[in-house]
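In my numbering, the protein residues as written are 663 to 751.
Virtual Cβ for every residue (Gly too), placed ideally from N, Cα, C.
See below for the structure under consideration.
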């Protein structure tokens with residue numbers, strides 16, 4: 663986490679306050695450091711699952727990009743192949 667914070671220009675020791683959203687399912691402490699955020703809460707190096715792409719499609723403004731993201735979770739052969747290409751080394 664320390665190396666990542668340095669690379670991204672974050673102060674790893676900076677304290678953050680998180681305001682929980684009503685009905686949020688993901689747990690996060692209300693006070694934590696940037697270091698703790700990237701060590702214990704966020705998985706920035708993990709492989710994204712299909713739900714990630716599904717949620718990302720909700721924010722896509724470009725129609726072509728939105729269609730590509732939706733194809734990943736559609737279960738089509740093309741979508742499955744694209745997902746494999748994106749998440750596998």
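For residue i, the first and last residue of its enclosing alpha helix (DSSP H)
i, result
"residue 704", "Per DSSP, residue 704 belongs to no alpha helix (DSSP H) and is neither H nor E."
"residue 791", "Coverage of the chain is limited to positions 663 through 751, which leaves residue 791 absent and any answer about it impossible."
Limits of the beta strand (DSSP E) - the one that residue i falls within
i, result
"residue 693", "693-695"
"residue 678", "677-679"
Test: residue i CB closer than 8 Å to a CB of chain B
i, result
"residue 668", "Going by chain labels, chain B is absent from the structure shown, which holds only one protein chain."
Inter-residue Cα distance where the pair is residue i and residue j
i, j, result
"residue 746", "residue 735", "12 Å"
"residue 711", "residue 732", "13 Å"
"residue 713", "residue 726", "19 Å"
"residue 692", "residue 739", "42 Å"
"residue 690", "residue 741", "32 Å"
Residue i versus the options, residue with shortest Cα-Cα distance
i, options, result
"residue 749", "723, 720, 719 and 715", "715"
- Item | Secondary structure, alpha helix (DSSP H): runs of 4+ residues fully inside the segment 716-740 | With a minimum length of 4 residues, the continuous alpha helix (DSSP H) runs that stay inside the segment 716-740 are 725-736.
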